[in-house]
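In my numbering, the protein residues as written are 438 to 576. All C-beta atoms in this analysis are idealised placements derived from N, C-alpha and C, irrespective of residue type, glycine included. Following: one structure in structure tokens, then a few remarks.
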Amino acid sequence: MEDAAFDQSSVPNQVYIFKGGEYALVDYIQRKLIDIPPIVDGFNCLQNTIFDSDIGAAFVSHNSQEAYLFKENSYVILHFTPGQTKDYIIIGPKEIVPKNWPSLVNILPRYNAGVEMEYTRPLPDFDPNFVYRVCVGYY
């Protein structure tokens with residue numbers, strides 16, 4: 438399974454899906470894999486941060502081209518530039534709790550083991566290689 442994902446608010450139908458130290462750029466309407474580069478190749482500003490090897494969770498901000506990235510007890514607010522490498526960190530890396538997100542003190546950090554399993558049945562209208570490469574992580 439993927440580690441994190443967020444959509445490109447400025448590019449319709451495209452999403453970033455993160456797994457380990459790489460991410461897939463996917464057009465989910467055309468079901469097309471656009472690219473699978475290392476995180477630091479697509480997001481140079483994350484090099485030498487806790488986020489250069491993987492991202493635990495992510496969501497897009499209400500502000501255009503901004504995303505929140507999380508890993509362990511750290512977060513950044515990222516300005517991303519689809520199709521370019523002009524991304525930059527707006528805030529962070531900063532500690533999530535207790536100072537910056539005090540409302541989460543009672544629930545973070547979580548130490549879930551998680552469940553990962555492979556879905557082996559064919560999916561209608563999908564290329565199985567695409568599904569395995571992006572969703573299961575076999576690439």
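Check                                                                                                                                                                         : Outcome
Looking at C-alpha atoms only, which residue of Leu545, Pro449, Thr522 is the closest neighbour of Lys656?                                                                    : Because residue 656 is not part of the residues shown, which for the chain are 438 to 576, the question remains open.
Ordered along the chain, which non-local residues of its own chain (more than five positions away) have a Cβ less than 7 Å from that of Leu462?                               : Gln451, Tyr453, Ile471, Asp472
Compare the C-alpha of Phe517 against each of Pro539, Tyr525, Pro535 and name the closest.                                                                                    : Tyr525
Excluding the 5 residues preceding and the 5 following Ser447 in the sequence, name in chain order all residues of the same chain whose CB lies nearer than 8 Å to its CB.    : Ser501, Gln502, Pro519
So, for Val439: in the same chain, excluding its five sequence neighbours on each side, which residues have a beta-carbon less than 7 Å away from its beta-carbon?            : The residue asked about is misnamed: residue 439 is Glu in this sequence, not Val. Counting only Cβ-Cβ distances below 7 Å, and skipping sequence neighbours, we find Ile454, Phe455, Lys456, Cys572.
Write down every uninterrupted run of the beta strand (DSSP E) in the region 467–502 whose length is 3 residues or greater and which is fully enclosed by it, in chain order. : 469–472, 494–497
Between which residues of its own chain and Asp489 is the CB-CB distance below 8 Å, once the five residues before and five after are set aside?                               : Gly458, Ile476, Val477, Leu483
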